[in-house]
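Student: Numbering (this note's numbering), first residue to last: 2 to 134. Yeah, the Cβ is synthetic: ideal placement off N, Cα and C, and Gly gets one too. Computed from a predicted structure; not experimentally measured. Handing you this structure, nothing more for now.
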Amino acid sequence: MPPPAFRAAGVLVSSEGLVGLVAAAVLLVRALGGATDSAANGYGTAGWFAVVGAAVGGAGIALILGKRWGRAVALVVQLLLLPVVWSLLTDSHQPIYGALLGVVVVAILALLFSPASSQWMAAEYAHLDDDTV
């Protein structure tokens, strides 16, 4: 049974995936309405957000269900979002969005690297130490 911190991270990661899927829907509606100069650009960007949102959402659900593989996907996504946070805080002049995203990213990293989560992740490999002694 995964610790509560692991599952809490799953809820947050699932929320990130949901935001990606919502962004995909908005971009698709905009492309259908002709809001972009290039239809391929609008549909392609919507498709990209749909694929990434589904993958991140799947990783979040895996964390909630206690599947260890979801941690790797979630960690990679959070590490990729750190430069986005920095960009929002500085060059993009969107400090509110940057601060909100930064809080979520740091919270997920803290939950996934918490002692309880790390110990639970390592518990699967504890029997390997017994075999090598």
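Kindly indicate the opening and closing residues of the alpha helix (DSSP H) around residue 99.
Tutor: 96-113 is the span of the alpha helix (DSSP H), which, as asked, contains residue 99.
Student: Quick test of the definition: if touching needs 3 or more C-beta pairs under 8 Å, does the segment 85-104 touch the segment 41-58?
Tutor: Counting Cβ pairs under 8 Å, fewer than three are found: no touch.
Student: Does the segment 103-121 come within contact of the segment 7-14, defined as at least 3 CB pairs closer than 8 Å?
Tutor: In short, these stretches touch, since the Cβ pair count reaches three.
Student: Is the separation between the beta-carbon of residue 96 and that of residue 90 shorter than 8 Å?
Tutor: Contact flag set, yes.
Student: Please report the Cβ distance between residue 60 and residue 104, rounded to the nearest whole angstrom; I am assuming they are in contact, meaning their Cβ atoms lie under 8 Å.
Tutor: Contact flag wrong, Cβ pair sits at about 19 Å.
Student: Please check the pair residue 72 and residue 113, which I expect to be a contact at CB under 8 Å, by giving their CB distance rounded to whole angstroms.
Tutor: Confirmed, about 6 Å.
Student: Between which two residues does the alpha helix (DSSP H) holding residue 17 run?
Tutor: Start and end: 5-33.
Student: From 74, 127 and 120, pick the residue whose C-alpha is nearest to that of residue 4; which is it?
Tutor: For the residues 74, 127 and 120, the minimum Cα distance to residue 4 belongs to 120.
Student: Taking the CB atoms as reference points, tell me whether residue 124 and residue 6 lie closer together than 8 Å.
Tutor: No.
Student: Tell me which residue opens and which closes the alpha helix (DSSP H) that residue 72 is part of.
Tutor: Note, residue 72: alpha helix (DSSP H), 70-90.
Student: Would you tell me roughly how many angstroms separate the C-alpha atoms of residue 75 and residue 115, rounded to the nearest one?
Tutor: Taking the straight line joining both Cα atoms gives about 14 Å.
Student: Can you tell me whether residue 58 is buried or exposed, with buried defined as 16 or more other CB within 10 angstroms of its CB?
Tutor: Counting Cβ neighbours within 10 Å, residue 58 comes out buried, since at least 16 surround it.
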